[in-house]
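Each remark here refers to the structure printed beneath this line.
Residue numbers (my numbering): 8 to 205.
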């Protein structure tokens, strides 16, 4: 193992692994209370040079978008067709190691919105189990989330990935006990960021 900043790397790390670990190291400094999630992601990224490939069947990296309105008060959610739940937009990296670019691409494809801008820093980390479906076995998604801003029209187009899309108040989402736990966490994190900026 070799050290890179505070991150421990494998003997012969790939460039993608170095970039991923540096990014989660920066994330760990901003969110020290999330050390358990950072450790999970770090272990996975260190062990798998192919982590961004969907064919890494037992587990792989995905990229998601916390897609916020220009005023920062609302987030665009999808009623996911396969998972049957309201979630953030996002999807498989399909070999693209730049997870911020993945999040932006998924946001564009799933919302149809023009003029989206992604922030380069990781906003949230979430590992979750995807149930078996058809020929696809149950597996883990190591989901890396980024803030994406809608800078133009907010008139979305529902894609084949979704039953529906909806803009939701982030303030309401933060306190909605029926919402996905990770959505509530991101909503609270977003509100705390706004309070810190104000």
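Yeah, the Cβ is synthetic: ideal placement off N, Cα and C, and Gly gets one too.
Inter-residue Cα distance where the pair is residue i and residue j
i	j	result
residue 9	residue 167	Residue placement at residue 9 is poorly supported in this model, since its pLDDT is 40, which falls under 50; the coordinates are not used for a value here.
residue 21	residue 188	33 Å
residue 81	residue 19	43 Å
residue 23	residue 123	25 Å
residue 190	residue 45	18 Å
residue 58	residue 30	15 Å
When the options are compared against residue i, the one with the closest alpha-carbon
i	options	result
residue 193	26, 27, 41, 86	41
residue 127	96, 135, 111, 55	111
residue 114	129, 180, 96, 53	96
residue 176	169, 186, 170	186
residue 87	179, 170, 174	170
residue 174	130, 136, 94	94
residue 62	72, 102, 75	102
Where residue i falls, given that 16 or more other Cβ within 10 Å makes a residue buried
i	result
residue 199	exposed
residue 70	buried
residue 77	exposed
residue 141	exposed
residue 13	Only weak support is given to the placement of residue 13: the predicted model assigns it a pLDDT of 48, under 50, and the value that follows is read from those uncertain coordinates. Residue 13 should be labelled exposed.
residue 91	exposed
residue 117	buried
residue 136	exposed
residue 201	exposed
Inter-residue CB distance, residue i and residue j (contact presumed, cutoff 8 Å)
i	j	result
residue 49	residue 68	So it is not a contact: roughly 12 Å between Cβ atoms.
Using 8 Å as the cut-off, can you tell me whether the stretch 96-116 makes contact with the stretch 152-162, which would need three or more C-beta pairs spanning the two stretches below that distance? In short, these stretches touch, since the Cβ pair count reaches three.
Taking contact to mean 3 or more Cβ pairs, one atom from each stretch, closer than 8 Å, check whether the stretch 164-183 and the stretch 126-146 are in contact. The stretch 164-183 vs the stretch 126-146: no contact.
Count Cβ pairs between the stretch 30-47 and the stretch 57-66 that sit closer than 8 Å; are there 3 or more? no
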